[in-house]
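Position one of the sequence shown corresponds to residue 6 (my numbering), numbered consecutively onward.
Backbone N, C-alpha and C fix where the C-beta goes; we use that ideal spot for every residue, glycine too.
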Amino acid sequence: MPIGVVAGTYGLLILVTLVAGYFAFLHANTLARESETPGNDVVAGRSRPVGRRGRARRSILAVIVFHLGWIGLMILIGLHASGTLSTLVQSQDVTVQRP
Numbered sequence: 006m007p008i009g010v011v012a013g014t015y016g017l018l019i020l021v022t023l024v025a026g027y028f029a030f031l032h033a034n035t036l037a038r039e040s041e042t043p044g045n046d047v048v049a050g051r052s053r054p055v056g057r058r059g060r061a062r063r064s065i066l067a068v069i070v071f072h073l074g075w076i077g078l079m080i081l082i083g084l085h086a087s088g089t090l091s092t093l094v095q096s097q098d099v100t101v102q103r104p
């Protein structure tokens with residue numbers, strides 16, 4: 006596997022995690038309204054009436070994608086720390102600097 010694939014995967018996972026987290030943060034009111042239970046600590050604030058159900062589904066999907074993104078990052082970091090990731094990179098890669 007070329008070394009650029011590892012860096013590209015890191016970058017893609019970071020971007021996906023940031024975008025999904027930002028989207029979920031902006032739609033926190035919708036998420037609080039969807040998870041409304043009697044003993045809930047988070048309560049939806051005053052806002053416009055609930056529109057389509059698609060907004061709630063998109064917000065929940067953003068939270069799921071956010072969690073998958075950071076879990077994927079932790080897996081890649083764990084592989085890198087254990088040295089497994091460096092064995093997957095081709096030793097004949099022209100972009101790797103050698104002494």
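Asked                                                                                                   : Found
Assign glycine 74 to one of three DSSP states: helix, strand, or coil.                                  : helix
Under three-state DSSP, which class holds histidine 32?                                                 : coil
Please name the residue in Ile82, Leu36, Ile76, Gly83 whose C-alpha comes closest to that of alanine 3. : Nothing can be reported for residue 3: it is not among the residues displayed for the chain, which extend from 6 to 104.
Does DSSP put glycine 9 in a helix, a strand or coil?                                                   : helix
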